[in-house]
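Following: one structure in structure tokens, then a few remarks.
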Amino acid sequence: MIRVLIVEDDPMVAELNRRYLEKISDFTLAAIVRNGDEALAFLEDNRVDLVLLDVFMPGMNGFEFLAEIRRREYKTDVILVTAARDKQSIQAALRQGAVDYLIKPFEFERFQAALLAYRQRVNFIENHADFSQTALDEQVFRQSASVEKNDLPKGLDRHTLKRVWECIVASTGEFTAESMAGFVGISQVSMRKYLKYLEMEGLLSVKINYGAVGRPISKYQCTTERTTLNFND
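So the sequence shown is numbered by full-length UniProt numbering: it starts at 1 and just counts up by one.
Written out as structure tokens, the structure is:
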């Protein structure tokens, strides 16, 4: 089992993360702590494979904690789970070895995708003594961005997906399902399915804007510099 430490000062968010974690096999909760200081104290006496780490916390914040566990050479991986979306925060997370970055608020599917990708990477590395470049690219660094024909969810077409991605790359900044549907020429319902798939693949980020009235608006943004998706027949 992969032992997970949740570091989160908001009790409601911590509980949500705990419930999400319980839904995914091969993961078990080691503990929930409120800040970096408590997390360090727990790590001194307990094995933790993965930390779900908030940034803005009282006392030692998330980035200070991340820097400290790297200094101490703890064999613990970290996924940032935070509202911080600025360039400096994302760069700091990457430079200090975070394996994923979840921007609040997020849906269960994105949380699940992050943990399943982590589990796949851990299992792959543990079960191999040496590696080819292709295997590393596909299983660890996820550089190929290939989409297997048979791996697409039911109702999605690879040619339409390719067109959607080309239009996303051509756009600048944030966009909505409505605006992109008009750009591509498909229904909003269909567009939301393609955007959900790309989000789960880690190629899009989404944030939800709550207005004074009406339903929330989801705004999407590309998270990669890739311009094409590769399809294997």
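The C-beta atom is built at its ideal place from N, Cα and C for all residues, glycine as well. Quantities reported herein were computed from a predicted structural model and do not represent experimental measurements.
Give every residue of the same chain whose Cβ lies closer than 7 Å to the Cβ of residue i, excluding the five residues on either side of it in the sequence, and list them in chain order.
| i | result |
| --- | --- |
| LEU156 | LYS193, TYR194, TYR197 |
| ASP54 | VAL7, GLU8, ASP9, GLY62, VAL81, THR82 |
| SER187 | ALA181 |
| ILE90 | TYR101 |
| VAL99 | ASP77, VAL78, ILE79, TYR118 |
| ALA92 | PHE63 |
| ALA170 | none |
Within the same chain, show all residues whose beta-carbon is closer than 8 Å to that of residue i, passing over the 5 residues directly before and after it, in chain order.
| i | result |
| --- | --- |
| LEU43 | LEU5, ILE69, TYR74, THR76 |
| LYS104 | VAL13, VAL81, THR82, ALA83 |
| residue 302 | Since the displayed the chain opens at 1 and closes at 233, residue 302 lies outside it and no answer follows. |
| ALA135 | PHE124, HIS128 |
Since residue i and residue j are thought to touch, with beta carbons under 8 Å apart, how far apart are those beta carbons, to the nearest angstrom?
| i | j | result |
| --- | --- | --- |
| ASP26 | ARG119 | 6 Å |
| ARG3 | ARG47 | 6 Å |
| LEU29 | LEU21 | 6 Å |
| LEU66 | GLN96 | 5 Å |
| SER218 | VAL206 | 5 Å |
Indicate whether residue i and residue j have their beta-carbon atoms separated by less than 8 Å.
| i | j | result |
| --- | --- | --- |
| GLU174 | GLN221 | yes |
| VAL78 | VAL51 | yes |
| ASP37 | MET60 | yes |
| CYS167 | PHE141 | no |
| THR176 | LEU204 | no |
| ARG34 | MET57 | yes |
| ILE32 | ARG18 | yes |
By Cβ distance, which residues of its chain are closer than 6 Å to residue i, with the 5 residues on each side in sequence left out?
| i | result |
| --- | --- |
| ALA84 | VAL55 |
| MET200 | GLU109, ALA113 |
Based on the DSSP output, what are the partners of residue i in its beta bridges?
| i | result |
| --- | --- |
| LYS207 | LYS219 |
| PHE27 | ILE2 |
| GLY82 | According to the sequence displayed, residue 82 carries Thr and not Gly. Answer is ILE103. |
| LEU94 | Paired residue(s): none; LEU94 is not in a bridge. |
| LEU52 | ILE6, ILE79 |
| VAL33 | VAL7 |
| PHE175 | TYR220 |
The segment 107 to 114 contacting the segment 123 to 138, beta-carbon criterion three pairs below 8 Å: no
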